[in-house]
Amino acid sequence: MNRATLAPGRLVRRLPISVRLGGTLAVAVLAVLAVLAGLAYWGLGQVLRSEVDRTLVAAADYFSGPRARRDDINEEELGGVQSPEFETQVLARDGRLVSGSGPRFSRVPLLSDAQLATAYRDGALFADVDVPEDDDGPQRALAIPLDRGEVLVVVAELDGVRDAQAGLLRLVLVLAPLAALLAGLAGWRVARQGLRPIARMTADAQAIGAEDLCARLALPSSRDEVHRLGTTLNGLLLRIQEARRRERDFTADASHELRTPLAILRAELELARVRATGDDLIRALDSALEETDRLGHLVDDLLLLARADAGHVTRRMLVDVAEAVDGLLPGFRALADRRGITLTRIGDAVVRADGRALARATANLLDNAIRHAPDGGHVALVIEQRPDGTAISVSDDGPGVPVEERDRLVQRFAQLDRTGTRGGGAGLGLAIVASVAAAHDGRIEVTEGSSGCGLTVTIHLPLAAGADPSGTRPG
103 MNRATLAPGR LVRRLPISVR LGGTLAVAVL AVLAVLAGLA YWGLGQVLRS
153 EVDRTLVAAA DYFSGPRARR DDINEEELGG VQSPEFETQV LARDGRLVSG
203 SGPRFSRVPL LSDAQLATAY RDGALFADVD VPEDDDGPQR ALAIPLDRGE
253 VLVVVAELDG VRDAQAGLLR LVLVLAPLAA LLAGLAGWRV ARQGLRPIAR
303 MTADAQAIGA EDLCARLALP SSRDEVHRLG TTLNGLLLRI QEARRRERDF
353 TADASHELRT PLAILRAELE LARVRATGDD LIRALDSALE ETDRLGHLVD
403 DLLLLARADA GHVTRRMLVD VAEAVDGLLP GFRALADRRG ITLTRIGDAV
453 VRADGRALAR ATANLLDNAI RHAPDGGHVA LVIEQRPDGT AISVSDDGPG
503 VPVEERDRLV QRFAQLDRTG TRGGGAGLGL AIVASVAAAH DGRIEVTEGS
553 SGCGLTVTIH LPLAAGADPS GTRPG
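Position 15 of the sequence shown, counted from 1, bears residue number 117 in the numbering used here, the numbering being contiguous throughout.
Next comes the structure, spelled out in structure tokens:
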């Protein structure tokens, strides 16, 4: 089976359920109407032919009378039914034509020898016969033996039967598509009504973020399969929320408990470093102190992530972003000067935020930019108060990151290979930035550097999180 054969079926499966149900119902109704129309067509023909046969019997009885004349037929004597035009033939026993009622019936016999024999044997014979020079199709005939040894054939046209059947077909061809269309629309409507609770639950599910699992799906009032599906999904969300809560609690508790032993370990290492005499021992202790610092930073990062996930990062106070950042710049500027990197800061803004969390997010951006900037490069910190909110951008002129891999930068413990990177973190830097931004109803944006190389990471805080730009700025 090739792809061309599968294409229509695949196309149908891609249609909405309501459209497929409506189309299926329309096709089913059309098929049922076709079968019923066929049965009605056949039944109408049988009834009308029986009526024609009854009038043929009455006409044959009349014509076989002693003084019957062709133009003296009384319809009331034939049962009161609108009678068709009757024609007659008289055939001899050997099949020879004796007489006919008109030119077309005076040329050839209408019955075969076998039909004549059947009429003599059974006393009567109904048959469909072909009349010369008549293109309307077969006509109905009744043959009865006469006392003088001849056979009387009475012929009636079947045009009325065919016209009635044709009228039925025309009516069906007009009404059947309309009925199928109405049935399809009704099926589509019913399906839409039935699937509306599912559509609402789908919208609710799409609105539930990974950071906020408190919301639940709206359940329909009916106690049907859709209600059970919603109940099951809400139970699943509850279990996921509980698992996330236990994960956050574990991370927060573990991070908090690790801070004390790490502080003690650092103090012991510093004391040993002061008392150490050998060069190898001093270098080993320096390396241990450096690793202890890295562990301390990792614990602080995990603790901040746990606070952000638990919703403990709140917009409690107005923060002058420039003032908060200026407190970070001396340390980062000293780190940048070691490699000849120029660190600049421009702009100012005031936001209502968690000052410690915002400062930590900015510090992570600066640390990430300095680590990836080349020697003698440039790192720029830009703070903008925009009409729609506040933007804090940090740019470097390092190797940059391919577009297809930028989404991974905000994933926890994700580390990408950027050429020229010095040192390395745990892969939590931008994840913390994204969590802090999300806790303030904001977002981060990763783009190419303004100079065409490197990377620019921007924290966007919405207007709701920012202070009135026209207000007085502290400091």
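We put the CB at the ideal spot given by N, CA and C, even for glycine.
Supposed contact pair residue j and residue i - C-beta distance, whole angstroms, cut 8 Å
i    : j    : result
R242 : A258 : 5 Å
L431 : L445 : 7 Å
H329 : L321 : 6 Å
A266 : L150 : 6 Å
H290 : V134 : It is worth fixing the name first, because residue 290 is Trp in this sequence and not His. Contact flag wrong, Cβ pair sits at about 18 Å.
Residue i and residue j closer than 8 Å at C-beta
i    : j    : result
S495 : G556 : no
V548 : L467 : no
V256 : A194 : no
D590 : G442 : There is no way to answer for residue 590, as the model of the chain reaches only from 103 to 577.
A142 : L270 : yes
I561 : L297 : no
L532 : L565 : no
F207 : E235 : no
V263 : V154 : yes
V231 : L212 : yes
L384 : A390 : This sequence places Ile at residue 384; Leu is not what is there. Their beta carbons are not under 8 Å apart, which means I384 does not touch A390 by this criterion.
Cut-off 6 Å between Cβ atoms - residues of its own chain near residue i, not counting five sequence neighbours on either side
i    : result
L563 : V453, G491, T492, H542 and G544
A374 : L387
A226 : I246
Local Cβ density within 10 Å of residue i, reported as buried at 16 or more and exposed below that
i    : result
T464 : buried
I246 : buried
R447 : buried
S537 : buried
L47  : There is simply no residue 47 to check, as the chain begins at 103 and stops at 577 in what is shown.
D249 : exposed
I342 : exposed
Q191 : buried
E327 : exposed
T558 : buried
P240 : exposed
I82  : Residue 82 is absent from the structure shown; the chain starts at 103 and stops at 577.
Closest by C-alpha distance to residue i, when choosing among the options
i    : options                   : result
L335 : M303, T362 and T379       : M303
V274 : R347, L132 and T190       : L132
V159 : R223, A229 and G145       : A229
V233 : L248, S203 and N470       : S203
L123 : A266, P211, Q343 and Q295 : Q295
P590 : G433, G551, E252 and G429 : Any question about residue 590 goes unanswered here, given that the chain covers just 103 to 577.
L397 : G429, D381, L364 and I384 : L364
L479 : R440, E507 and R458       : One detail in the question is off: residue 479 reads as Gly in this sequence, not Leu. Out of R440, E507 and R458, R440 has the C-alpha closest to the C-alpha of G479.
G457 : D428, Y164 and N470       : D428
R347 : S323, Q148, L315 and Y164 : L315
A539 : R462, F165 and S201       : R462
G433 : G145, V210 and D469       : D469
R317 : G337, L260 and A455       : Going by the sequence as given, residue 317 is Ala instead of Arg. When only C-alpha atoms are compared, the closest one is G337.
A301 : L383, L331, E393 and L113 : L331
E252 : D261, A219, P279 and L280 : A219
A288 : L113, L460, G125 and A475 : G125
Own chain residues within Cβ distance below 8 Å of residue i, not counting five before or after
i    : result
D450 : D422, V423, A424, I485, Q487 and R575
Y222 : R195, P247 and V253
D306 : A317, R318, L319 and A320
D395 : R368
A309 : A317
Beta-carbon contacts of residue i that lie in its chain and below 7 Å, excluding the five residues immediately before and after
i    : result
L437 : I472
L180 : Model confidence at L180 stands at a pLDDT of 43, short of 50, so the residue's coordinates are unreliable and nothing is read from them.
T333 : L321
F165 : T190, L254 and V256
Neighbour flag for residue i against chain C, beta carbons, 8 Å
i    : result
L467 : Chain labels in this structure do not include chain C; a single protein chain is all it has.
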